[in-house]
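Those protein sequence lines, which keep their order, are chains A and B.
Quick note: full-length UniProt numbering has the first sequence finishing at residue 336, numbered continuously throughout.
Quick note: full-length UniProt numbering has the second sequence finishing at residue 336, numbered continuously throughout.
A virtual CB, placed ideally from N, CA and C, is assigned to each residue, including glycine.
These notes concern the structure reproduced below.
Number of protein chains: 2
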Amino acid sequence: MEKVTKRTTIYDLAELADASPSAVSSVLNGTWEKRRISKKLAERVLKIAEEQGYAVNVQASLLRRERSNIVGMIVPKYDNRYFGEIAEQFEVMARAKGFFPVVTCTQRDPELEFEAAKELISYQAECLISTGATDPDRISAFCSASGVQSINLDLPGKDAPSVISDNYSAAKELTKLILNRCEEELGWSGPLRFVGGRLADHNTAARLEGFMSEHRDRSISVPDSYVMATGYSAEKAAIALGSLTPDRPTGLFVNSTISLEGVVKWYSELQSGAEKVRYGCFDWDPFGAFLPGNVGMVEQDVTIMLNKAFELIGDADAPTEPILVPCRLRPFHVIA
Amino acid sequence: MEKVTKRTTIYDLAELADASPSAVSSVLNGTWEKRRISKKLAERVLKIAEEQGYAVNVQASLLRRERSNIVGMIVPKYDNRYFGEIAEQFEVMARAKGFFPVVTCTQRDPELEFEAAKELISYQAECLISTGATDPDRISAFCSASGVQSINLDLPGKDAPSVISDNYSAAKELTKLILNRCEEELGWSGPLRFVGGRLADHNTAARLEGFMSEHRDRSISVPDSYVMATGYSAEKAAIALGSLTPDRPTGLFVNSTISLEGVVKWYSELQSGAEKVRYGCFDWDPFGAFLPGNVGMVEQDVTIMLNKAFELIGDADAPTEPILVPCRLRPFHVIA
DNA sequence: GCAATTTGCTTCATCGATTGCGCAACATTG
DNA sequence: CAATGTTGCGCAATCGATGAAGCAAATTGC
Chain A
1 MEKVTKRTTI
11 YDLAELADAS
21 PSAVSSVLNG
31 TWEKRRISKK
41 LAERVLKIAE
51 EQGYAVNVQA
61 SLLRRERSNI
71 VGMIVPKYDN
81 RYFGEIAEQF
91 EVMARAKGFF
101 PVVTCTQRDP
111 ELEFEAAKEL
121 ISYQAECLIS
131 TGATDPDRIS
141 AFCSASGVQS
151 INLDLPGKDA
161 PSVISDNYSA
171 AKELTKLILN
181 RCEEELGWSG
191 PLRFVGGRLA
201 DHNTAARLEG
211 FMSEHRDRSI
221 SVPDSYVMAT
231 GYSAEKAAIA
241 LGSLTPDRPT
251 GLFVNSTISL
261 EGVVKWYSEL
271 QSGAEKVRYG
281 CFDWDPFGAF
291 LPGNVGMVEQ
301 DVTIMLNKAF
311 ELIGDADAPT
321 EPILVPCRLR
331 PFHVIA
Chain B
1 MEKVTKRTTI
11 YDLAELADAS
21 PSAVSSVLNG
31 TWEKRRISKK
41 LAERVLKIAE
51 EQGYAVNVQA
61 SLLRRERSNI
71 VGMIVPKYDN
81 RYFGEIAEQF
91 EVMARAKGFF
101 PVVTCTQRDP
111 ELEFEAAKEL
121 ISYQAECLIS
131 TGATDPDRIS
141 AFCSASGVQS
151 INLDLPGKDA
161 PSVISDNYSA
171 AKELTKLILN
181 RCEEELGWSG
191 PLRFVGGRLA
201 DHNTAARLEG
211 FMSEHRDRSI
221 SVPDSYVMAT
231 GYSAEKAAIA
241 LGSLTPDRPT
251 GLFVNSTISL
261 EGVVKWYSEL
271 QSGAEKVRYG
281 CFDWDPFGAF
291 LPGNVGMVEQ
301 DVTIMLNKAF
311 ELIGDADAPT
321 EPILVPCRLR
331 PFHVIA
């Protein structure tokens, strides 16, 4: 219609409705009854707004208001169900609580994490949730300098409240499951190998502790070479296992579904001995139950984690000690 | 430090640096050389800004500027690799082109899709990409009323340029692969069953056409009951297959990885006859290659699709005919 | 019938950043 | 030394929405 594609503003609507911009504004933001605007005018304005395809300019609105209602979240990757579910549920919960969620994916890149965090703060986010951040304390420091609350999810930080899985306990349970199944099905009692993750990463360290603790409880010693923290990459896990030929029984504790991809690739290419392999994985995938050799997976409790995180929003004196959320262990039948 | 946790503004910095807000502004947004601010003052301001943990108020900045640089995207779910990859790559590409990406996940809910689209426009998004939207034309209509460009991805719409996979050809290729493998390995020549998706959905319709066309080429007739478009749900697919016992050879064309979950569940619970089942899936998952009975998957080319979509941004006379992007067929060895 | 109240709006300053315009102070030219 | 040019910066209007304050008209109270 118009030659200029300028966005409609309340001033345009005001002219069309023969009213003042402030009346239009109060009609559109729902405060019109409080401000004693007649129903008649309100309806007229709403009708015109609809006709014109009006959408508030949030920039202008937020500039004037005190609250932005934006909660930001950074997430490393969408290549596994865990972070995907976190992002999805975060958005749902945030909307239900009247927030506007903005999620951004930072590719496990510390620089990008920090840039994205700054960007979200520039958008006046009231709270920033750093999920699985490589350097959460750097982000927390920047947030606190800007007077913005920050919360760590999945990986803990020292300078902000953290909600994380109880990695130690779940890893111990998973180790127990794999060892038990190796005994029952292969008549063999370990030690298992630990595949994937980074030792510098808190979660990997905690899981390795649980893994070791269960071995210790059974008086099984684990050779150093059995700990293969190959990072978060399928290829590296497959390469690390490459030379391993299971002429004897073999058990694997797989840390993350991305490493599981590599393990399964290795497994499927075995010439022989596959029936002597058992593994379990920390993290869940719907296809996991159907992978041969997989005895079980750990599912982290995203709903509870996010509930706890949302409870922390606005809480000035939140605990600095990480809040631990129990995981669910899902045992599978082995597919022969 | 301060008792009030007010965000630092250029006015605060101006006072600290003993300069004017406009000088501070131009230093911070990089126009200071053009505005002939001395290097000395610029460095002083930058130092103070850093000390104070200053972050621009994008709301104010965008209000004043003409461009927002925001590109919005709505995505249905993060429960499969396809949409996860789309979201990730979209963010990377958008940043590389100097945009600020905002992605939001709308749970396949038409109302939420529309609300989210409105919200993104309120944030002055310059372009909105609707991915897999249930009702893309409603979104396009609103966008065009607001003078915002909209682009459809994955599912086409009539009122905005669309970039979609060549569903027909890829489905035909996949059907061909499954039928061939059934012949080679089972000595059986179909017809296959079509499992998952919604017939009302453009992609499902196009894939079904490709499926039918390949059957027609081979003079195989497909009974109506063999088309089981059970929607995007693992349970419904599993239930639909529930009564099917493969006493004879059985071949399945699985439409979407979410339906594949149900198929694999059914498959793994078969008492007998599993060796007589072959299936293939439209959409890719890294664990797919390791699922027994799976002869191949179709991987949609996210990178090319997004490249095409980005080419459309800012293009006023973009074609209204959908742009078709070829898919990659990934054949697998069957795991016995 | 006149003051007091209520109704239904408008006016205007404001949020923080941006930018065209302009003005001193200093340097250069002839 | 006056005219002209350059450097370095400040002033003030502006973007669109908001809400406190205010004001005229309509209604009520006595």
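Quiz item: Looking at C-alpha atoms only, which residue of B:K34, B:V58, B:A116, B:M212 is the closest neighbour of C105 of chain B?
Solution: B:A116
Exercise. Just the C-alpha distance for V4 of chain A and G147 of chain B, rounded to the nearest angstrom, thanks.
Key: Bear in mind that the predicted position of V4 of chain A carries a pLDDT of just 45, short of 50, making it unreliable; the figure below should be weighed with that in mind. For the pair V4 of chain A and G147 of chain B, the Cα-to-Cα distance works out to about 9 Å.
Self-check item: Listed by chain order, chain A residues near E261 of chain B by CB distance under 8 Å
Solution: P286, F287
Self-check item: Status (buried if at least 16 other CB within 10 Å, exposed otherwise) for N255 of chain A
Solution: N255 of chain A sits buried, since 16 or more C-beta atoms from the chains shown fall within 10 Å of its C-beta.
Practice problem: Round the Cβ separation of E113 of chain B and I129 of chain B to the nearest angstrom and send it over; I've been treating them as touching at under 8 Å. | Solution: Not confirmed; about 12 Å, so no contact.
Quiz item: Quick one: is V279 of chain A near chain B, going by C-beta distance under 7 Å?
Solution: Here residue 279 of chain A is Tyr; the residue named in the question, Val, does not match the sequence. It does not: the Cβ of Y279 of chain A has no partner Cβ on chain B nearer than 7 Å.
Exercise. Determine the burial state of L179 of chain A: buried for a count of at least 16 other Cβ atoms within 10 Å of its Cβ, exposed for fewer.
Key: Residue burial annotation: L179 of chain A is buried, with at least 16 other C-beta atoms found within 10 angstroms of its C-beta.
Practice problem: Check whether the Cβ atoms of V302 of chain B and E85 of chain B sit closer than 7 Å, and answer yes or no. | Solution: yes
Quiz prompt | Euclidean distance between Cα positions of K40 of chain B and Q149 of chain B | solution = 43 Å
Quiz item: In this structure, does DSSP put H333 of chain A in helix, strand or coil?
Solution: Coil.
Quiz item: Helix, strand or coil for P21 of chain B per DSSP?
Solution: helix
Quiz item: Counting Cβ pairs closer than 8 Å, one from the segment 237 to 250 of chain B and one from the segment 270 to 277 of chain B, do we hit at least three?
Solution: Yes, the segment 237 to 250 of chain B is in contact with the segment 270 to 277 of chain B.
Exercise. Starting from S122 of chain A, follow the beta strand (DSSP E) in both directions and report where the run begins and ends.
Key: Premise fails: S122 of chain A lies in the alpha helix (DSSP H), 110 to 122, not in any beta strand (DSSP E).
Self-check item: Interface residues of the segment 113 to 133 of chain A facing chain B [CB-CB below 8 Å]
Solution: K118, E119, I121, S122, Y123, Q124
Quiz item: Under 7 Å between C-beta atoms, does R181 of chain A make it to chain B?
Solution: no
Exercise. Please check if any C-beta of chain A sits within less than 7 Å of the C-beta of Y11 of chain B.
Key: no
Practice problem: Report the neighbours of Q271 of chain B on chain A: residues whose CB is nearer than 8 Å to its CB, in chain order. | Solution: Using a Cβ-Cβ cut-off of 8 Å, Q271 of chain B is close to nothing in chain A; its nearest Cβ partner there is about 14 Å away.
Exercise. Rounded to whole angstroms, what's the CA-CA distance from V71 of chain B to I121 of chain B? Just pull it up for me.
Key: 9 Å
Quiz item: Does the beta carbon of Q59 of chain A sit closer than 7 Å to a beta carbon anywhere in chain B?
Solution: yes
Quiz item: How do the segment 156 to 167 of chain A and the segment 93 to 105 of chain A stand: do at least 3 beta-carbon pairs fall below 8 Å, yes or no?
Solution: Touching, no, given that fewer than three Cβ pairs across the two stretches are closer than 8 Å.
Quiz prompt | Between the CA atoms of Y11 of chain A and I151 of chain B - distance to the nearest angstrom | solution = 29 Å
Exercise. Look at Q124 of chain A and L192 of chain A and say whether their C-beta atoms are less than 7 Å apart.
Key: no
Quiz item: Measuring CB to CB, does Y78 of chain B end up less than 7 Å from A87 of chain A?
Solution: yes
Self-check item: Residue-chain proximity (V325 of chain A, chain B), Cβ-Cβ < 7 Å
Solution: no
Self-check item: Where V58 of chain A sits in the DSSP three-state scheme
Solution: helix
Quiz item: Does DSSP put F83 of chain A in a helix, a strand or coil?
Solution: helix
Quiz prompt | When A:E311, A:F332, A:W266 are compared against N294 of chain A, the one with the closest alpha-carbon | solution = Distances from the alpha-carbon of N294 of chain A to those of A:E311, A:F332, A:W266 put A:F332 closest.
Practice problem: Measure from the C-beta of F194 of chain B to each C-beta in chain A and report whether the shortest distance is under 7 Å. | Solution: Closer than 7 Å: no.
Quiz prompt | Beta-carbon separation (whole angstroms), A234 of chain A vs S259 of chain A, contact threshold 8 Å | solution = 7 Å
Quiz prompt | Buried/exposed call for E321 of chain A, threshold 16 Cβ in 10 Å | solution = E321 of chain A should be labelled exposed.
Quiz prompt | Residues near K308 of chain B by beta carbon distance below 6 Å, same chain, minus five either side | solution = Taken in chain order, the residues that qualify are V163, I323.
Quiz item: Hey, would you say A238 of chain A sits closer than 7 Å to T230 of chain A, going by beta carbons?
Solution: No, the Cβ-Cβ distance between A238 of chain A and T230 of chain A is not below 7 Å.
Quiz prompt | Where the alpha helix (DSSP H) containing Y267 of chain A begins and where it ends | solution = 257 to 268
Quiz item: At which residues does the alpha helix (DSSP H) containing C182 of chain A begin and terminate?
Solution: Residues 167 to 186.
Quiz item: How big is the Cα-Cα spacing for A205 of chain B and L199 of chain B?
Solution: 5 Å
Self-check item: For N152 of chain A: DSSP bridge partner residues
Solution: A:S130, A:S162
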